Amino acid sequence: MMKKYVIVCGGGFAREVISWIRQIATGPAQGEIVGIIDHSPSCLEGFDYDVPYLGSTADYQPPADVELVLAVGSPKAKQELTSALIARGGKFATIIHPTAVVASSAKLGTGVILCPLSVVSADATVSDFVTVNVLSSIGHDAQIGTFSTLSAHVDVMGFAKVGDGCLLGSGARVLPKVKVGAGCMIGAGATAIRGVPDGMTLYSQPSKRM
Ligand SMILES: CC(C)(COP(=O)(O)OP(=O)(O)OC[C@H]1O[C@@H](n2cnc3c(N)ncnc32)[C@H](O)[C@@H]1OP(=O)(O)O)[C@@H](O)C(=O)NCCC(=O)NCCS
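Counting from 2, one number per residue, gives the positions in the sequence shown under our numbering.
Here it is, written out as structure tokens:
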């Protein structure tokens, strides 16, 4: 039986996720998008997606036969939305685009989104509600904490650890075995070359001559 998906939040990432789900043509994750919930009823106004607005994230009651798709990048928003919707009985889907590559030894949590051309390598752990945008890769034995988001073109290398609730901007890199604490922001294009304490923002990366 085809799954029934309800998209949670109606921003730009939601429109991407709608597009990716519609490209899942076979397999158990194939499903129909039955609606979207957002604080704004006009979230998809001006776009041609043909997805009905079902109500506000603040009071939507998820029916038992739908799976929620967490289509938002902000770790804080993900935390708030999931706790509110799970309290109302919501169940979250893990969405894996057909072009994503996932090692059979990798562990994926609930509510994970793997966008096109992302890679999760051998023995990596991707915790609940992690979002991995296009062309990003998670190296062998790397760990990504709950609610963290990897934007596009991110490279988390082998044995690296990214804590809970981190946001890695586009093109960010975490070198092998480096540990990024919880709640960190790694700016677009920045490279974490050594441990990053909880809550820290990194940005920029002047390359230096050896
Ligand atoms: C690092 C980041 C979080 C800083 O945001 P911010 O606190 O609003 O910082 P500002 O934009 O005010 O910039 C502050 C300074 O840092 C510099 N800076 C900001 N981000 C930078 C980056 N990624 N690389 C290099 N320099 C950067 C700015 O040029 C500015 O320098 P100045 O004071 O000399 O003019 C943000 O710029 C970033 O990289 N976010 C990730 C965005 C992303 O990839 N999103 C995912 C795709 S949607």
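In this text, a Cβ means the ideal position worked out from N, Cα and C, and glycines have one as well. Being a predicted model, the structure only gives us computed values, none of them experimental.
Could you spell out the range, first to last residue, of the beta strand (DSSP E) harbouring residue 32?
Note, residue 32: beta strand (DSSP E), 32 to 38.
Going by beta carbon distance, what residues of the same chain come within less than 6 Å of residue 55, once the five residues before and after it are set aside?
Same-chain partners within the cutoff: 36 and 38.
Quick one: is residue 64 buried, meaning 16 or more other Cβ sit within 10 Å of its Cβ, or exposed?
Looking at its Cβ environment, which holds fewer than 16 other Cβ atoms inside 10 Å, residue 64 is exposed.
Give the straight-line distance between the Cα atoms of residue 4 and residue 45, rounded to the nearest whole angstrom.
Rounded to whole angstroms, residue 4 to residue 45 spans 22 Å at the Cα level.
So residue 127 and residue 104 are supposed to be a Cβ contact under 8 Å. How far apart are they, rounded?
Contact flag wrong, Cβ pair sits at about 11 Å.
Tell me the DSSP secondary structure of residue 16 in three-state form.
In the structure shown, residue 16 sits in a helix (DSSP, three-state: H, G or I).
Exposed or buried, residue 123, counting other C-beta atoms within 10 Å across all chains shown (16 or more means buried)?
With fewer than 16 Cβ atoms within 10 Å of its Cβ, residue 123 is classed as exposed.
Please return the same chain residues whose Cβ sits closer than 8 Å to the Cβ of residue 58, not counting the five positions on each side in sequence.
The residues are 9, 10, 38, 39, 40, 82, 85 and 86.
Return helix, strand or coil for residue 83, following the three-state DSSP convention.
DSSP places residue 83 in helix when its eight states are reduced to three.
I need the straight-line Cα distance from residue 125 to residue 73, nearest angstrom please.
Those two C-alpha atoms are separated by around 23 Å.
Considering Cα atoms alone, identify which of 198, 154 and 186 is closest to residue 204.
Here the closest residue by C-alpha is 186.
With residue 68 as the anchor, note down where its beta strand (DSSP E) starts and where it stops.
Its beta strand (DSSP E) spans residues 68 to 71.
To which residues of the same chain is residue 99 closer than 7 Å at the C-beta, ignoring the five residues directly before and after it?
For residue 99, where only same-chain residues beyond five positions count, the Cβ hits under 7 Å are 24 and 25.
Can you give me the start and stop residues for the beta strand (DSSP E) that residue 52 sits inside?
Taken as a continuous stretch (DSSP letters only), residue 52 belongs to no beta strand (DSSP E), as it is neither H nor E.
With C-beta atoms as the reference, is residue 155 less than 8 Å away from residue 166?
Their beta carbons are not under 8 Å apart, which means residue 155 does not touch residue 166 by this criterion.
Please confirm whether any heavy atom of ligand 1 lies closer than 7 Å to the CB of residue 3.
No, ligand 1 has no heavy atom inside 7 Å of this Cβ.
I'd like to confirm the pairing. Which residues does DSSP put opposite residue 138 in its beta bridges?
Per DSSP, 120 and 156.
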